[in-house]
Amino acid sequence: MAEEKNVAEPKVRYSDEELQEFKEIILDMLEKAKREYKTLRDVVTHGSSNDIEDTSPTFKVMEEGATTLSKEEAGQLAQRQYKFIQNLEAALVRIENKTYGVCRVTGKLIPKERLRLVPHATLTVEAKEMLNKNK
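Start counting the sequence shown at 18; every next residue gets the next number (my numbering).
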């Protein structure tokens, strides 16, 4: 009878091998995200190296406006990228704690397909939809 009980129990966490697979995916994404973040920060702090000193005053104003807008956009993208990096790092902590892939609302396992696409996910699609309906 003990064997029947084990078969009926739902899986409550991913195996160490599965967690290692997710860890590799996250580390790869984290490396890319950090490179992109550095590039965006460089754009914000250093700006464009295009020299507009020898152009007409009207073009210079337009060019400076575009540069400002570009820096603002890069700043917003950098903020989003930084948040993404934080989420990936939090996912690595959950892997170490062996709580990775468990929905924080339902306690059910988040499907592998979802975690491969959104490795920092903390909710099943159903839980996310339920939370969005309550907003």
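Heads up, the beta-carbon is just placed ideally off N, CA and C, and yes, glycines get one too.
Just so you know, these numbers come straight off a predicted model, no measurement behind them.
Using a Cβ-Cβ cut-off of 8 Å (strictly less than) and excluding sequence neighbours within five positions of residue i, which residues of its own chain qualify?
| i | result |
| --- | --- |
| Glu143 | Thr123 |
Roughly how many angstroms separate the alpha carbons of residue i and residue j, rounded to a whole number?
| i | j | result |
| --- | --- | --- |
| Lys88 | Lys28 | 47 Å |
| Thr114 | Leu36 | Checking the sequence, you will find Asn at residue 114 rather than Thr. When rounded, the distance between both Cα atoms is 10 Å. |
| His137 | Ile42 | 10 Å |
| Met147 | Thr141 | 10 Å |
| Glu90 | Gln103 | 20 Å |
| Arg52 | Gly92 | 15 Å |
Leaving out five residues before and five after residue i in sequence, what residues of the same chain have Cβ atoms less than 6 Å from its Cβ?
| i | result |
| --- | --- |
| Thr139 | Arg121 |
Please classify residue i as buried or exposed, where buried requires at least 16 neighbouring CB atoms within 10 angstroms.
| i | result |
| --- | --- |
| Gln98 | buried |
| Ala107 | exposed |
Please tell me whether residue i and residue j are closer than 7 Å, where the distance is taken between their beta carbons.
| i | j | result |
| --- | --- | --- |
| Gly118 | Leu132 | yes |
| Ala95 | Leu57 | yes |
Round the Cβ separation of residue i and residue j to the nearest angstrom and send it over; I've been treating them as touching at under 8 Å.
| i | j | result |
| --- | --- | --- |
| Ile112 | Phe39 | 6 Å |
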